[in-house]
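Below is one structure, written out as structure tokens; the observations come after it.
There are 2 protein chains.
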Amino acid sequence: MPSSQAPHPTLLIPGPIEFDDAVLQSMSHHAESHVGPAFVKVFGESLTLVRKLFQSTSPTAQPFIIAGSGTLGWDIVASNLAEKGDEALVLHTGYFGDSFAACLETYGVHVTQLKAPIGERPSLGEIEQALKEKSYKVITITHVDTSTGVLNDVKSIAALVRRISPETLVVVDGVCSVGCEEIAFDEWDLDVVLTASQKAIGCPPGLSIVMCSGRAIDRYNSRSTPPASFYASIGNWLPIMQNYESLKPSYFATPATQLVHALHTTLSQITARPMAERFAAHTQASDRVKAAVAELGLSQLASKPESQAHGMTAIYLPSGLAPPDVLPGLMKRGVIFAAGLHKEIATKYIRFGHMGVSVTDTGRNDIDNAIAALKEALAEAKQAKGL
Amino acid sequence: MPSSQAPHPTLLIPGPIEFDDAVLQSMSHHAESHVGPAFVKVFGESLTLVRKLFQSTSPTAQPFIIAGSGTLGWDIVASNLAEKGDEALVLHTGYFGDSFAACLETYGVHVTQLKAPIGERPSLGEIEQALKEKSYKVITITHVDTSTGVLNDVKSIAALVRRISPETLVVVDGVCSVGCEEIAFDEWDLDVVLTASQKAIGCPPGLSIVMCSGRAIDRYNSRSTPPASFYASIGNWLPIMQNYESLKPSYFATPATQLVHALHTTLSQITARPMAERFAAHTQASDRVKAAVAELGLSQLASKPESQAHGMTAIYLPSGLAPPDVLPGLMKRGVIFAAGLHKEIATKYIRFGHMGVSVTDTGRNDIDNAIAALKEALAEAKQAKGL
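Here you go:
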């Protein structure tokens, strides 16, 4: 454990995650004007670092960093990139598909959900068929649904959309994927990836981070009605982001200065190494977790290897055990996992987040410790229940 | 300067403001689950502390703490407490009246602005007349407009509204007033006070804080159309806030955990003393600043004493001087003021924020140092310009 943090159980839920010491300390920066040159530089550089995070060099792509939760990213999409009466196709792989759909519907967008059974994902064939049935303004893909740990094949879906319905904007909810799952924004020809600061990016929660393609910005600019939100309006934020990145102060709403410092630190750390290395480290850690889960005779919600996330694992508990039987035993061993979130089966599974410093700082031994704790806590719980 | 912060110029803009050491350090708390008992307690207590901040004991009043900028509070009002086609009366005392009006209009609300000349405020007579001309669903009052330093008499306006148009919701933009200007939420019978974390509350920016009356919640519940925002929806947040305050975990979007820790610390400090003492301290500091401004032969944007804010002072520069002539001289002396913000006269004035620890921690001498620096910087600037 880093020396400046008090001893504490290791947070291995699928976000928020453990903080690197330097990231945490960045927030203790003294007060600065949000329009003063020092902070303008930090904010401007953070925007450029977001481009690097997404491996994007496209001058028409536009990053946004806005005070808010990841959820705010849905409003940014729904209130700017679709209009009342437009059609949206939502690929549903868990809780967050329903929520994104609810957000789109709030703004009058008609939603068709393509739902996979729990633990599965819509196939490319099903998606192709759906795309042929209606003209969709946007398709939304939860890259990793935090409620199920199901990973979507964003690259293939984006290629399919470009082939079948080239005008449809490809929107990726990357809250549980950015920083741990491969994303090549330009190369995959994505239109929006929205995320939050507190998962694999390793920053405290409180920032909504959105990357838009030139095509997405064009869609915004060609709206026939004004944007349907004020705080989430691309029009209100676009000049601000462009100005800050050009190191010019600008004001629409006060940025979360201390969180931006933390973001700057963590993105500097992340992008100092090739992103491919970071993705590989998460894949390796995930493979170890998945192997241990199999060894324990347990199964994952995500039923097929190709649809299993690399930053988290959703694990079915043995029959007869519920999260409250196991989580306290983990806590006793200094490890925090999350309970289930998918409402239909919430009492049947637990979630293990393996992202950020717990993966990349191997000296912490977080993953091995957690696997050992899981083994012991399960054995203890089974014994207590006479299983 | 507190020992744990690096030496730095004193931030005396009208927000963000200087941080108390303990508040800043609170953000270095190790990572916690947003639904774990430790954080649930901190968040729940913070909500209760918001009630104390507003001197409210009404069980039907409801505080909200949401990741976002103060601006988000406008969307919360506009998308929940008014419906498309409703009428709103906006009292305009500067930049923020126009912005709140723009936000309301985004959601289809018809806005009538009652504009006072720069530095003045609409009179009670004018407000009474406006209220009699139309049936308004909401009236919005910028308690202190950060662009002009003009203070509105919220207590008298609220009483007037109750007498003339009792169904009109009284909405106060308290971004630049909560924590330094007197507000008695229940006693004044207010419906909404929205604010942000980074001004007189003394927390870093990134939290939108909104206090709603039972009448406001009833208005939300009796909408004939669904709320017009997802992230800003009272319906989405209300059960979350109620659960956290009852110390039950709940999830809609991940809260900004580290900022909530900072908020808890600063609200604990603030509410440990009677609020009246805090308001008096800000009035005394403000009186000293205003006396010094007068002594320098300068005038304020806020032309009448009763309409002058107590947490900031907007000061007209001597003819021939612009902010870039004076601000660097202040910076050289370790003091940061803000330039003008009101677009019509931005080059003619500067803004001095006197809130929070710079006022209450008198051992810092921030106010006296700033007054001395202002005197010297002005003299220097005049000499340089041959004035």
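Residue numbers (the working numbering), protein chains in the order written: chain A, -9 to 377; chain B, -9 to 377. Think of the CB as a built atom: it goes at the ideal place given N, C-alpha and C, for glycine as much as any other residue. Computed from a prediction, not measured in an experiment: that's the story for all the values here.
Proximity of A:LEU253 to chain B, defined by a Cβ-Cβ separation below 7 angstroms, is not satisfied. B:PRO53 has B:MET201 as its beta-bridge partners, per DSSP. Residue pairing by DSSP places B:VAL279 in no beta bridge whatsoever. Along the length of the segment 288 to 349 of chain A, whole alpha helix (DSSP H) runs at least 4 residues long occupy 313 to 322, reported in chain order. B:VAL165 and A:PHE175 have their C-alpha atoms some 38 angstroms from each other. Counting C-beta pairs closer than 8 angstroms gives fewer than three between the segment 184 to 204 of chain A and the segment 232 to 242 of chain A, which falls short of the contact rule. From the beta-carbon of A:TRP64, the residues of chain B found nearer than 7 angstroms are PHE220. With the criterion set as a beta carbon lying under 9 angstroms from some beta carbon of chain A, the members of the segment 1 to 29 of chain B are LEU1, ILE3, GLY5, PRO6, ILE7, GLU8, PHE9, LEU14, GLN15, MET17, SER18, HIS19, HIS20, ALA21, GLU22, SER23, HIS24, VAL25, GLY26, in sequence order.
Here the alpha carbons of B:LEU43 and B:GLY343 stand approximately 20 angstroms from one another. Straight through space, the alpha carbons of A:LYS127 and A:HIS100 are spaced by roughly 10 angstroms.
B:ALA91: member of the alpha helix (DSSP H) spanning 85 to 96, first to last residue. Interface flag for B:CYS93 against chain A is set, since a Cβ pair is found closer than 7 angstroms. Put simply, the CB of B:HIS332 is far from chain A, with every gap to its CB atoms at 7 angstroms or more. Spatial neighbours of A:GLU370 in its own chain (CB-CB distance under 7 angstroms, excluding positions within 5 residues in sequence) are listed in chain order as GLY319. In chain B, no part has a C-beta under 7 angstroms from the C-beta of A:GLN103; the shortest such distance is about 16 angstroms. With at least 16 other beta carbons inside 10 angstroms of its own, B:PRO6 counts as buried.
Judged by DSSP secondary structure, B:VAL183 falls outside any alpha helix (DSSP H) and instead within the beta strand (DSSP E) spanning 182 to 186.
Taking 4 residues as the shortest admissible run, the segment 141 to 194 of chain B contains the following complete alpha helix (DSSP H) segments, listed from N- to C-terminal end: 144 to 154. Straight through space, the alpha carbons of B:SER293 and B:ALA281 are spaced by roughly 14 angstroms.
Think of a sphere of 7 angstroms around the beta carbon of A:SER59: the chain B residues whose beta carbon falls inside it are ALA57, ALA243, THR244, in chain order. Between A:ALA304 and A:GLY139, the CB-CB gap stays under 7 angstroms.
Distance check between B:ILE224 and each of B:THR337, B:THR256, B:ARG323, B:ASN70 places B:ASN70 closest, using alpha-carbon atoms only. Against B:PRO216, the close residues of chain A are THR96, in the order they occur along the chain (beta-carbon pairs closer than 8 angstroms). For B:GLU370, the enclosing alpha helix (DSSP H) stretches over residues 356 to 374. Only ALA186, GLN188, PRO194, PRO195, GLY196 from the segment 181 to 199 of chain A bring a Cβ to less than 7 angstroms from some Cβ of chain B. Nearest C-alpha to B:HIS272 among B:PRO245, B:SER258, B:ASP356, B:LYS338: B:ASP356. For B:THR247, the nearest beta carbon of chain A is closer than 7 angstroms to its own beta carbon. Residue environment: B:GLN373 is assigned as exposed (fewer than 16 neighbouring CB atoms within 10 Å of its CB, all protein chains considered). Taking the beta carbon of A:GLN(-5) as reference, the chain B residues within 9 angstroms of it are SER18, HIS19, HIS20, ALA21, listed in sequence order. Judged by their CB atoms, A:VAL325 and A:THR0 are nearer to each other than the 7 angstroms cut-off. For B:ALA68, the chain A residues whose Cβ falls inside 9 angstroms of its Cβ are PHE220, in order along the chain. CA-to-CA, the gap between B:ALA275 and B:LEU257 works out to about 21 angstroms.
Counting C-beta atoms within 10 angstroms of its own C-beta, A:TYR241 has fewer than 16 neighbours from the protein chains shown and is therefore classed as exposed. When the beta-carbon positions are compared, B:VAL134 and B:SER167 come within less than 7 angstroms of each other. Note on A:GLU296: under 16 other CB atoms within 10 angstroms of its CB, so exposed under the neighbour-count rule.
For B:LEU228, the enclosing alpha helix (DSSP H) starts and ends at 224 to 235.
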